[in-house]
Amino acid sequence: MKVIGNSKNVNDYIITIFCGTISTIIIGFLFFGFSIFNKQNPSFQFPVFGIIGTISFALFKLKEFRYSIFILSLLFLFEIIFTGEKYIVTHILFYIAMVLSILIYTKFFYARLNNIKYSRFLVLASIISISYVIVTIILGLLFKSDSINLFLFQNMPIGFLIGIGLGLGFELSEYMLAIIKNN
């Protein structure tokens, strides 16, 4: 089965999505335990953004921008339905931050860092962490929060760990795909 507009095999994308999601969930579980499965807990971002991040990565590698925008818009609607609309502005900003972080990583860093591929995950983790800091500052200014420092120290490590999980998953999928193609 071939992907529309591209000759890559769908199995490549399925493996990438699976590895990225699972590794992000494992990283989250190692640091936060079962709370990553409680949608009222901030650590619920691990499974949610594990899925969103890996699908974004796979879509951006397709280089079919209009399909990517359409599918990511649908994915955002599902995220709102699943996680609730209680904090809609927060959801929107963190979703945009995650997708833009993955886009920046895919377009500007992923291929260029091929020589140091086993540390590329740190670049992705840094990009996501920085985007989380920016979103936290924006939210603090929007809602005139007095506890912005607390939120910065809560969100920055979560963003970094999500980035590590995604990046390690992408590297694992690339390694697995190389083994599959060589056999």
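The numbering used here applies: residue 199 is where the sequence shown begins, and numbers increase by one. Cβ atoms here follow ideal geometry from the backbone N, Cα and C, with glycine treated the same way.
- Residue state for residue 271 is assigned as helix, using DSSP reduced to three classes.
- Taking 8 angstroms as the cut-off, the beta carbon of residue 322 is found no closer than this to the beta carbon of residue 252.
- In this structure residue 225 is in contact with residue 362, their Cβ atoms being roughly 6 angstroms apart against a cut-off of 8 angstroms.
- Annotated three-state conformation of residue 236 is coil, per DSSP.
- With contacts defined as CB atoms closer than 8 angstroms, residue 329 and residue 298 qualify as a contacting pair.
- Contact annotation: the segment 213 to 229 touches the segment 245 to 260, with at least three C-beta pairs closer than 8 angstroms.
- By the Cβ test, the segment 269 to 276 is not in contact with the segment 309 to 326, since fewer than three Cβ pairs between them sit closer than 8 angstroms.
- A Cβ-Cβ contact shorter than 8 angstroms links residue 266 with residue 257.
- For the set 239, 250, 237, the Cα lying nearest the Cα of residue 220 is the one of 250.
- Contact annotation, residue 263 with residue 368: C-beta distance approximately 20 angstroms; criterion of less than 8 angstroms not satisfied.
- For residue 289, the closest of 233, 240, 261, 300 by C-alpha to C-alpha distance is 240.
- DSSP places residue 381 in the coil class of the three-state scheme, outside both helix and strand.
- Within the same chain, and ignoring the five residues on either side of residue 374 in sequence, the residues whose Cβ sits closer than 8 angstroms to its Cβ are 213, 217.
- Between the alpha carbons of residue 285 and residue 293 lies a distance of about 12 angstroms.
- In the three-state reduction of the DSSP assignment, residue 277 falls in the helix class, which pools H, G and I.
- The segment 311 to 358 is shown to contain whole alpha helix (DSSP H) runs of 4 or more residues at 318 to 340, in chain order.
- For the pair residue 211 and residue 344, the Cα-to-Cα distance works out to about 43 angstroms.
- Cβ atoms of residue 360 and residue 222 come within 8 angstroms of each other, at about 6 angstroms.
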